[in-house]
Each structure stands twice: as C-alpha cells, then as structure tokens.
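I have placed the structure first, in the form of structure tokens, so that the comments after it can refer back to it.
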Amino acid sequence: MTAAAQPVDPLSGQLQGYLDHLTVERGVAANTLSSYRRDLRRYSEHLLARGVDDLARAGESDVTDFLVCCGAATRRTAYRRCRRSRPAP
Numbered sequence: 001m002t003a004a005a006q007p008v009d010p011l012s013g014q015l016q017g018y019l020d021h022l023t024v025e026r027g028v029a030a031n032t033l034s035s036y037r038r039d040l041r042r043y044s045e046h047l048l049a050r051g052v053d054d055l056a057r058a059g060e061s062d063v064t065d066f067l068v069c070c071g072a073a074t075r076r077t078a079y080r081r082c083r084r085s086r087p088a089p
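Mapped onto UniProt numbering, the consecutive letters of the sequence shown carry residue numbers 1 to 89.
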C-alpha cells in the first residue's frame, strides 16, 4: 500500500481550498480560476522563499513585497493581485 500523496508545498492545500471555494461557492469562470491559480502559485513560491509555510502567518509586508516583485504597475493590478492573496474567511 502506498502513502497518500503529500502536497507539493505546505501552502498548496490551503490555496487549493480557496480555489475550490471560488469554483463551488462563487462559480468563477474557468479562465478566471486559471488566472487565480497562476497568481496564487507565484504567491506561494514567494512566501515559501521567505520562510512562511502557513497563510495565517503571512503579514502585510509579505503581500506588499510580493506585489513589488510582480511589478504591479498599476493600483488596479495591485488590488486584484492582493485580493487573490487572501483566502476567504
């Protein structure tokens, strides 16, 4: 018998839960979900590089630094990316 597959990284389960919420509860379009998944994957990589392995421990500076790293050139882009970075309560 094989062990259950482990998440690729410690944040993937939390982020997948949010993506599932968007699909089931919010009914977002497939293209929107794909875009969110891509941005959240980048956010996860950013957090892990900073030693953050739980979204509950991510702080404002983690989000701000992520947006700077992404080159969020406009306020609207920064806002959109920031909204994706916060799982639903």
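Ideal Cβ placement from N, Cα and C applies to all residues, glycine included.
Only a predicted model underlies this, so the values are computations on that prediction, with no experimental measurement involved.
Nearest-angstrom Cα distance between residue i and residue j?
i     : j     : result
Arg34 : Tyr18 : Checking the sequence, you will find Ser at residue 34 rather than Arg. For Ser34 and Tyr18, the distance between alpha carbons rounds to 13 Å.
Thr32 : Arg26 : 11 Å
Ala30 : His21 : 13 Å
Gln16 : Leu48 : 16 Å
Arg42 : Val28 : 20 Å
Between the Cα of residue i and the Cα atoms of the options, which residue gives the shortest distance?
i     : options                    : result
Glu45 : Ala29, Asp65, Ala30, Arg26 : Asp65
Return yes when at least one heavy atom of the ligand SAH lies under 6 Å from the C-beta of residue i, else no.
i     : result
Thr32 : Of ligands this structure carries none, so the ligand SAH is not represented either.
Quick one: what's got a C-beta closer than 8 Å to residue i's C-beta in the same chain, skipping five residues either side?
i     : result
Cys69 : His46
Gly71 : none
Which same chain residues end up closer than 7 Å to residue i when comparing Cβ atoms and leaving out the 5 residues on each side of it in sequence?
i     : result
Ala58 : Leu47, Val52
The segment 8-17 touching the segment 49-60, judged by at least three CB pairs closer than 8 Å: yes
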